[in-house]
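Data first, discussion second: the structure below is written as structure tokens.
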Amino acid sequence: AGNTGIGLALVASALGFRTVIVIPETQSQEKKDALRLAGADLVEVPAAPYKNPNNYVKLSGRLAEKLAATSPNGAIWANQFDNVANRRAHEEGTAQEIWAQTGGRIDGFVAAVGSGGTLAGVGLGLKAHDPKVTIALADPHGAALYEYYAHGVLKAEGSSITEGIGQGRITANLEGAPIDRAYRISDAEALEVLFDLAHHEGLVLGGSSGVNVAGAIRLAREMGPGHTIVTVLADPGARYLSKLWNPTFLAEKGLPVPQWLFRRAEFEVPFQAGS
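Using our numbering, read the sequence shown as starting at 1389 and increasing by one per residue.
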């Protein structure tokens, strides 16, 4: 949904490589602007389900093949959803960092799924240290994984304004993921968490972070006091100002809007005459 593309584009620019990013046109304008600012060639395509041959993932694979055959220096397809280097990086990196920073005192890890690399990789890495660590999926409405891990059926229900998470298939990164619990998180629940983090913690975050923290709260309530639950804050809110942090957009979707998001200055600025 753009965030991985931004990271790839920044690294590629520093190394002198060209980056071509294929993205659904429904993604936020802020992400598109960030990709272009990072130096990527941006290809916007209509949103389509994975079974459609013009789904952005499948189209990007065909485009990579074409560029590999026609570009002087060739091309590679990052294939973030099914390239298991994604999962391995979290298994060998993120999971070890979490284990070290918690001193091995961790009871649960929660994350949403886009490619599945974070949840599967961290889950595998933590369970290698302690099989009793609970790994939980936090899934937005409109995704199919909650039903899969809770009831064994890939079935999507509802819809969500979140971007980049909510999967309708088992990616290569998700295969064999040690998922113990699954939660379905509504937009309203995730937004309540996001607004609280912004208003009380000074953390302005994106939709997947809201879903992650909401899932962590669910697991913490089930486990009770004295347990350590970890999640990740995966996206900054600045990439969603036109959507998640836009009171007009939220109101049009029938979603809650905190009054402070409407706030305007109620005082006069004391300019001096003749200045």
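The beta carbon of each residue, even a glycine, is placed where N, CA and C say it ideally should be.
Query raised in the report: So which of Val1510, Gly1504 and Gly1502 has the shortest CA-CA distance to Gly1496?
Result: Val1510
Query raised in the report: Going straight from the alpha carbon of Gly1642 to that of Ala1626, what length do you get?
Result: 22 Å
Query raised in the report: Is the number of C-beta pairs between the region 1511–1527 and the region 1626–1635 that are closer than 8 Å three or more?
Result: no
Report task. Mark Pro1613 as exposed unless 16 or more other C-beta atoms lie within 10 angstroms of its C-beta, in which case mark it buried. Result -> exposed
Requested in this report: Determine the direct distance from the alpha carbon of Ala1604 to that of Pro1519, and round the result to whole angstroms.
Outcome: 19 Å
Requested in this report: Determine the direct distance from the alpha carbon of Ala1488 to that of Phe1583, and round the result to whole angstroms.
Outcome: 30 Å
**Report entry** Val1410 vs Leu1447 beta-carbon contact at 8 Å
**Finding:** yes
Query - For Ala1402 and Leu1423, believed in contact at Cβ under 8 Å, the rounded distance - result: Between Ala1402 and Leu1423 the Cβ distance is about 15 Å, and since that is not below 8 Å, they are no contact.
Report task. Provide the residue(s) that pair with Tyr1571 in DSSP beta bridges, ordered along the chain. Result -> Ala1526
Report task. Determine the extent of the beta strand (DSSP E) in which Val1431 is found, giving its start and end residues. Result -> Asp1429 to Val1433
Query raised in the report: By Cβ distance, which residues of its chain are closer than 7 Å to Glu1577, with the 5 residues on each side in sequence left out?
Result: Ala1602
Report task. Taking Val1410 as part of the alpha helix (DSSP H), name the residues at either end of that continuous run. Result -> Where Val1410 is concerned, there is no enclosing alpha helix (DSSP H), although the beta strand (DSSP E) it sits in stretches over Val1408 to Pro1412.
Query raised in the report: Run through DSSP, which three-state label would Pro1658 get?
Result: coil
Requested in this report: Quick one: give me the first and last residue of the alpha helix (DSSP H) that Ala1499 is part of.
Outcome: Premise fails: Ala1499 lies in the beta strand (DSSP E), Gly1496 to Ala1499, not in any alpha helix (DSSP H).
**Report entry** Bridge partner(s) assigned by DSSP for Leu1593
**Finding:** Pro1624
Query raised in the report: In whole angstroms, what is the alpha-carbon distance linking Ala1500 and Ala1570?
Result: 10 Å
Query raised in the report: Out of curiosity, what's the CA-to-CA distance linking Ala1560 and Leu1607?
Result: 26 Å
Query raised in the report: Closest to Tyr1534 by CA distance: which of Gly1556, Thr1522 and Ala1586 is it?
Result: Gly1556
**Report entry** Residue burial classification, Asn1474 (beta-carbon count within 10 angstroms, cutoff 16)
**Finding:** buried
Query raised in the report: Given Asp1623, which residues of its chain have a CB within under 6 Å of its CB, disregarding the five upstream and five downstream residues?
Result: Asn1391, Gly1594, Ser1596 and Ser1597
Requested in this report: Look up Val1645 in the DSSP assignment and say whether it is helix, strand or coil.
Outcome: coil
Report task. Can you check DSSP and say which residues form a bridge with Val1618? Result -> Phe1497
Requested in this report: Could you work out which residue in Trp1633, Gly1462, Arg1652 and Val1498 is closest to Gln1568 when comparing CA atoms only?
Outcome: First, the residue type needs correcting, since residue 1568 is Asp and not Gln in the sequence shown. Out of Trp1633, Gly1462, Arg1652 and Val1498, Val1498 has the C-alpha closest to the C-alpha of Asp1568.
Query raised in the report: If we count the other Cβ atoms within 10 Å of its Cβ and call it buried at 16 or more, is Phe1650 buried or exposed?
Result: exposed
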